[in-house]
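Student: Going by my numbering, the first residue of the sequence shown is number 971, and it counts up by one from there.
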Amino acid sequence: MSQPPDTTERTAPAETGVRFDEHGVLPIPDQERDCSPWELFWIWCGANIAPINWVLGALGITLGLSLLETLIVVVIGNLFGCAIFGLFNVIGHRTAVNQMVLGRSAFGIKGAALPALVQGLLTMAWVGVNTWVVLDLVLAVLDQLGISGGLGLRIVVAAVIMAVQLGLALYGFYAIRTFEKYTVPLTIAVMVVMTVLALGRTHLNWSTAVTDTPGEKLTAITQLITAIGIGWGLTWIPYAADYSRFVRPNLSARKVFWASATGMYIPTVWLAALGACLASAGGSADPSTVVVGTFGVLAIPVLLLIMHGPIATNILNLYSCSLAALTIGIRIARWKVTLFAGVIASLVLAVFINATSFAHAFDNWMVSILMWISPWMSILLVDYFLIHRRALSIPDLYREPASSAFGGINIPGLVSLAAGLLAGWSWQYGLVPAMQGPVARALGNTDFSWLSGSFVAGGLYVLLMKARSARTGQAVQA
971 MSQPPDTTER TAPAETGVRF DEHGVLPIPD QERDCSPWEL FWIWCGANIA PINWVLGALG
1031 ITLGLSLLET LIVVVIGNLF GCAIFGLFNV IGHRTAVNQM VLGRSAFGIK GAALPALVQG
1091 LLTMAWVGVN TWVVLDLVLA VLDQLGISGG LGLRIVVAAV IMAVQLGLAL YGFYAIRTFE
1151 KYTVPLTIAV MVVMTVLALG RTHLNWSTAV TDTPGEKLTA ITQLITAIGI GWGLTWIPYA
1211 ADYSRFVRPN LSARKVFWAS ATGMYIPTVW LAALGACLAS AGGSADPSTV VVGTFGVLAI
1271 PVLLLIMHGP IATNILNLYS CSLAALTIGI RIARWKVTLF AGVIASLVLA VFINATSFAH
1331 AFDNWMVSIL MWISPWMSIL LVDYFLIHRR ALSIPDLYRE PASSAFGGIN IPGLVSLAAG
1391 LLAGWSWQYG LVPAMQGPVA RALGNTDFSW LSGSFVAGGL YVLLMKARSA RTGQAVQA
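Here it is, written out as structure tokens:
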């Protein structure tokens, strides 16, 4: 497979300020890996300080759980999800390779194009989801002031937001890092004030729940675990190595792990807890309703900082989208990739605008994403730690299929992924009939799709690789 044209290694300039990121998908040279643990922390923290994360907690109340039950699921579930996310950051740091290229070891040089295609499409869709939250929030606050511009105002707001996002994403990693490093601390300070104001005006209802029977409660808990407990950290795994590959090579794996895992965990749990508290007091799961109803015109001074979160998230989506495209082997200008991403994002945006309940629409969105991420994640973990014993041949990730140790298509990897997708769907209980598998319905409408998909895909991959090793007489690990 020929490599993209923009992957030539270059010598880093003496300064370490904001410079244009000319890297493609080749490993980042050691002299250009200058990201600190704190900078990695700010990247992931900034991406998750966003109004959309309030939906994470509000969803528990919408599903019928009490505030206490929702908080327990969010706090404990994200411990596991963010820990696995941190582990993938460590792998990216050790190899200096982006996430989708790392998948070539498990799926083959050509076979890895399939997960990369899925990741590229999802990153485009996420831009639409996050932009909807910003538009809804801005228009709601402006309406509070008596300013309403209809479709024209939406277009203006969307254009401004997209211009900022595209500028940062096109400039690359170094601009993203600098943006997060200098804006996230201020955003955190504002969110602290907003949290104090919100909780001071809210009468918390800790125990009231809509679910009446133990079966209904179990269904709601498993749905919440899948969608936003363990699930939230897992949905960020396809991005992990894209950014940890820039971290200084001499740093310990422990520092990389904690910087990324806590950067994900703290804002996710914090804002989810805030959303749950507001929703438990009779509020809405819609982010704009939460902001306007709680803060009124006080939301105006912090409006630009609230918009920071979705922008910080979307620049990661746009940047990782380009890496996924390069992994597939697409050889077109980056602006064309982002233009296509904008089309897909607009379609997703239209779906969410027409949704009667944002929380329900978001749950369906999260469940559908996890159905492929969970088995894909499990295969990569097994491949790296059990099959290759943390000793990947990095040059083979970039060779032509005929000369690479990983070959063109690794049948065990793709077969295991397909089996994991089927297993995940079978124990999935989403909010629409198409997302309610037979195992889920037979076992009390529970949703353990992330677990069944991971277990089947990872276990089958080990068995198939060992069987192939026995058949060929070669060691399992490369």
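All C-beta atoms in this analysis are idealised placements derived from N, C-alpha and C, irrespective of residue type, glycine included.
Quick caveat: nothing in here was measured; it's all calculated off a predicted structure.
By Cβ distance below 8 Å, which residues in the same chain neighbour residue 1003 in space, the five residues on each side in sequence not counted?
Tutor: Same-chain partners within the cutoff: 1066, 1215, 1216, 1217, 1218, 1219.
Student: Tell me which same chain residues have a C-beta within less than 6 Å of the C-beta of residue 1078, skipping the five on either side of it?
Tutor: These residues qualify, in order along the chain: 1376, 1377, 1378, 1379, 1380.
Student: Suppose the cutoff is 7 Å on Cβ atoms and the five residues either side in sequence are ignored; what does the same chain contact list for residue 1036 look like?
Tutor: If we look at residue 1036 and ignore the five residues flanking it on each side, its Cβ neighbours are 1176, 1177, 1178, 1179.
Student: Within 10 angstroms of its Cβ, does residue 1152 collect 16 or more other Cβ (buried), or is it exposed?
Tutor: Exposed is the call here.
Student: Among 1196, 991, 1073, which has the Cα closest to the Cα of residue 1364?
Tutor: That would be 1073, whose Cα lies nearest to the Cα of residue 1364.
Student: Note down the Cα distance separating residue 1202 from residue 1049, rounded to an integer number of angstroms.
Tutor: Each residue's alpha carbon lies about 11 Å from the other.
Student: What did DSSP end up calling residue 1069 once you bin it into helix, strand or coil?
Tutor: Residue state, collapsed to three classes: helix.
Student: Count the other CB atoms within 10 Å of the CB of residue 1403; is the residue buried (16 or more) or exposed (fewer)?
Tutor: Flag for residue 1403 reads exposed.
Student: If you drop the 5 nearest sequence neighbours on each side, which residues of the same chain put their C-beta closer than 7 Å to that of residue 1382?
Tutor: Counting only Cβ-Cβ distances below 7 Å, and skipping sequence neighbours, we find 1431, 1434, 1435, 1438.
Student: Over the uninterrupted alpha helix (DSSP H) stretch that includes residue 1077, give me the two end residues.
Tutor: 1074-1077 is the extent of the alpha helix (DSSP H) around residue 1077.
Student: Among 1250, 1441, 1442, 1420, which one has its Cα closest to the Cα of residue 1054?
Tutor: It is 1420 whose Cα lies nearest to the Cα of residue 1054.
Student: Tell me residue 1399's beta-bridge partners as DSSP assigns them.
Tutor: Beta-bridge pairing links residue 1399 to 1406.
Student: Does the distance from the CB of residue 1015 to the CB of residue 1237 come in under 8 Å?
Tutor: Cβ atoms of residue 1015 and residue 1237: closer than 8 Å.
Student: Measuring CB atoms only, is the region 1082-1090 touching the region 1296-1303, in the sense that at least three cross pairs come out at less than 8 Å?
Tutor: Output reads yes: the region 1296-1303 touches the region 1082-1090.
Student: Could you give the first and the last residue of the continuous alpha helix (DSSP H) run that contains residue 1212?
Tutor: Segment 1210-1214, the alpha helix (DSSP H) holding residue 1212.
Student: Apart from the five residues just before and just after residue 1416, which ones in its own chain have a Cβ nearer than 8 Å to its Cβ?
Tutor: Excluding sequence neighbours, residue 1416 sits near 1188, 1189, 1192, 1397, 1399, 1410.
Student: Near residue 1367, what residues of its chain come up, given a Cβ to Cβ distance below 6 Å and the 5 sequence neighbours on each side ignored?
Tutor: Here the set comprises 1071, 1074.
Student: Helix, strand or coil: how does DSSP classify residue 1097 here?
Tutor: Three-state DSSP puts residue 1097 in a helix.
Student: Could you please give the first and the last residue of the uninterrupted alpha helix (DSSP H) stretch that includes residue 1228?
Tutor: Run containing residue 1228: 1223-1250, per the alpha helix (DSSP H) assignment.
Student: Rounding to the nearest angstrom, what Cα-Cα distance links residue 1386 and residue 1173 in this structure?
Tutor: Computed Cα separation, rounded: 49 Å.
Student: Between residue 1249 and residue 1034, how many whole angstroms is the CB-CB distance? I'm expecting something under 8 Å.
Tutor: With 8 Å as the limit, residue 1249 and residue 1034 do not qualify as a contact, their Cβ atoms being about 12 Å apart.
Student: Decide if residue 1009 is buried, meaning its Cβ has at least 16 other Cβ atoms within 10 Å, or exposed.
Tutor: Buried, by the Cβ-count rule.
Student: Taking Cβ positions, are residue 1149 and residue 1138 nearer each other than 8 Å?
Tutor: Yes; because the gap between Cβ atoms is below 8 Å, this pair is in contact.
Student: Rounded to whole angstroms, what's the CA-CA distance from residue 1426 to residue 1351? Just pull it up for me.
Tutor: Between residue 1426 and residue 1351, the C-alpha separation is close to 13 Å.
Student: May I have the straight-line CA-CA distance separating residue 1358 from residue 1058, to the nearest angstrom?
Tutor: So the two alpha carbons sit approximately 15 Å from each other.
Student: Beta-carbon separation of residue 1290 and residue 1093 under 8 Å?
Tutor: Contact: yes.
Student: Rounded C-beta distance between residue 1157 and residue 1019? I'm assuming under 8 Å.
Tutor: Residue 1157 to residue 1019, Cβ: 5 Å. Contact.
Student: Helix, strand or coil for residue 1217? Go by DSSP, reduced to three states.
Tutor: Residue 1217 falls in the strand class under three-state DSSP.
Student: Give me the Cα-Cα distance between residue 1406 and residue 1393, rounded to the nearest whole angstrom.
Tutor: Cα-Cα distance, rounded: 12 Å.
Student: Tell me whether the beta-carbon of residue 998 lies closer than 8 Å to the beta-carbon of residue 1205.
Tutor: No.
Student: Once you ignore the five residues that flank residue 1212 on each side, which residues in its own chain have a CB closer than 6 Å to its CB?
Tutor: Taken in chain order, the residues that qualify are 1068, 1069, 1290, 1293.
Student: Judging by CA-CA distance, which residue of 1196, 1247, 1288 is the nearest neighbour of residue 1031?
Tutor: Answer by Cα proximity: 1247.
Student: For residue 1005, which beta-bridge partners are listed by DSSP?
Tutor: Residue 1005 is bridged to 1217.
Student: Taking the CB atoms as reference points, tell me whether residue 1424 and residue 1347 lie closer together than 8 Å.
Tutor: Result yes, Cβ atoms of residue 1424 and residue 1347 sit closer than 8 Å.
Student: Please classify residue 1131: is it buried, with 16 or more other beta-carbons within 10 angstroms of its beta-carbon, or exposed?
Tutor: Label assigned to residue 1131: buried.
Student: Compute the beta-carbon to beta-carbon distance between residue 1232 and residue 1011, rounded to the nearest angstrom, for a pair I have assumed lies under 8 Å.
Tutor: The Cβ separation is near 7 Å, so the contact holds.
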